[in-house]
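The structure under discussion appears below in the form of structure tokens.
Numbering (full-length UniProt numbering), first residue to last: 1 to 381.
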């Protein structure tokens, strides 16, 4: 007997299949037209903020100029309006036995890769077809199980006003000491509202644990968080206004810009962009601490059911060239997906203060537990 929940699930699968079939099932005339013109069209699904769309609108014409037989259709899914549904549709197509989809490349996260990999929806990357994979740090590819290209990245760093902080902390312990010695002059945002605050909280907790704990989703890990939460509670009264935590990443950047605080954790790309646009004082500098805050790449994945893998691989190969990566860095103010020593010297110098590395936090639903415990024990104290 079908319950309401089962009927709802069945309905969503049918709708997902219909959506994919509608955009992937080319008619005979369409296929013939593509064949007669000698042009292959691939579909790239991407999401996030508007600057991601603008990035691809710059990269795609450059790629097509160098590859005139390949056209790229950009399918932009604004943040919060359907990025997850694209993965859901791929999963539904796989489960229904569908043979092809009109998604040839998908920009997503490591969570998307992990979730889809269990169902076999992502294709293994072939270095013989994508020779520029050699430009990528082997550890980054290994973390993605060679199933995704980490084509750009950013991390949380320490942003401070050098007119008031002449010598910034270099280690996590030095940072905590600085906070204690300068009451009210440091702020981080509510971790549930932005990644910079989340990184500060996670770093405080996981610095007490083995390095590989950051990549464990084992629920028993929560039993080892006490030392980190005790530290966060102890630091609470020394925070901005004795424990006021702004909302979102921008909230703390606004406090730094107005001079309300002297130091914050901030996303490297956000801070660099706002410095470039003079939204932050020119006296604001960026630095990484040791052990570093967390960060991560944005990945490009190729569905196994794509029938245009050869053309998609050419786009992946182009994205990993120094020329494309220079566009990416200049547009996104983030880190390149390839090794820094392959990038122009001026960019290496520009990012020297923040390019020392970062850690990745991939612990699944444990992040929700951290946020809930932080809300009750730290914000609520």
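Where a beta carbon is used, it is the ideal one built from N, C-alpha and C, also for glycine.
As the structure is a computational prediction, the values presented were derived from the model and not from experiment.
inquiry  = Taking DSSP's pairing of strands, which residues face residue 122 in a bridge?
reply    = 303
Return the chain-ordered ranges of every beta strand (DSSP E) run that is complete within the region 181–237 and spans a minimum of 3 residues. none
request  = List the DSSP bridge partners of residue 70.
outcome  = 40
Could you give the distance in angstroms between the alpha-carbon of residue 100 and the alpha-carbon of residue 38? In this model, residue 100 and residue 38 are separated by some 20 Å (Cα to Cα).
When DSSP builds the beta bridges, which residues end up paired with residue 329? Bridge partners of residue 329: none, in fact.
Nearest-angstrom Cα separation, counted from residue 380 out to residue 244: A direct Cα-to-Cα measurement between residue 244 and residue 380 gives close to 11 Å.
Can you check whether the CB of residue 289 is closer than 8 Å to the CB of residue 171? yes
Which class does residue 319 belong to by DSSP, given the choice of helix, strand or coil? helix
TODO: Could you spell out the range, first to last residue, of the beta strand (DSSP E) harbouring residue 107?
DONE: 105–108
* Asked: Grouping DSSP H, G and I as helix and E and B as strand, with all else coil, what is residue 377?
  -> helix
Straight-line gap, residue 29 to residue 369 (C-alpha atoms, nearest Å) = Low confidence applies to residue 29: its pLDDT is 36, below 50, so where it sits in the model is not reliable, and the reading given next is rough at best. Distance between the alpha carbons of residue 29 and residue 369: 53 Å.
Fill in: At least three beta-carbon pairs within less than 8 Å, the region 222–240 to the region 291–304
no
- Check the C-beta distance from residue 63 over to residue 214 and give it rounded, since I have them as a contact under 8 Å. Residue 63 to residue 214, Cβ: 35 Å. No contact.
Query raised in the report: Which whole-angstrom value is the C-beta distance of residue 133 and residue 320, which I expect to be below 8 Å?
Result: Between residue 133 and residue 320 a beta carbon distance of about 7 Å is seen, short of the 8 Å cut, so the two are scored as contacting.
Under the three-state reduction of DSSP, which class applies to residue 131: helix, strand or coil? helix
Beta-carbon separation of residue 285 and residue 353 under 8 Å?
yes
Stretch-stretch touch, CB-based, cutoff 8 Å, three pairs: the region 265–278 with the region 121–135:
no
**OP:** Kindly give me the distance between the Cβ atoms of residue 159 and residue 266, rounded to whole angstroms, as I take these residues to be in contact under 8 Å.
**Re:** 4 Å
>> Suppose only complete runs of 3+ residues qualify. What are the beta strand (DSSP E) ranges in the region 252–308, listed by chain order?
In response: 263–267, 284–287, 295–301
Within 10 Å of its beta-carbon, does residue 150 have 16 or more other beta-carbons around it, so buried, or fewer, so exposed? buried
Check your understanding: With 16 other CB atoms within 10 Å as the buried threshold, where does residue 185 fall?
Key -> With 16 or more Cβ atoms within 10 Å of its Cβ, residue 185 is classed as buried.
query: Going by the CB atoms, is the gap between residue 120 and residue 304 shorter than 8 Å?
result: yes
(Q) Alpha carbons only, please: which of 210, 181, 50, 195 is nearest the one belonging to residue 235? (A) 181
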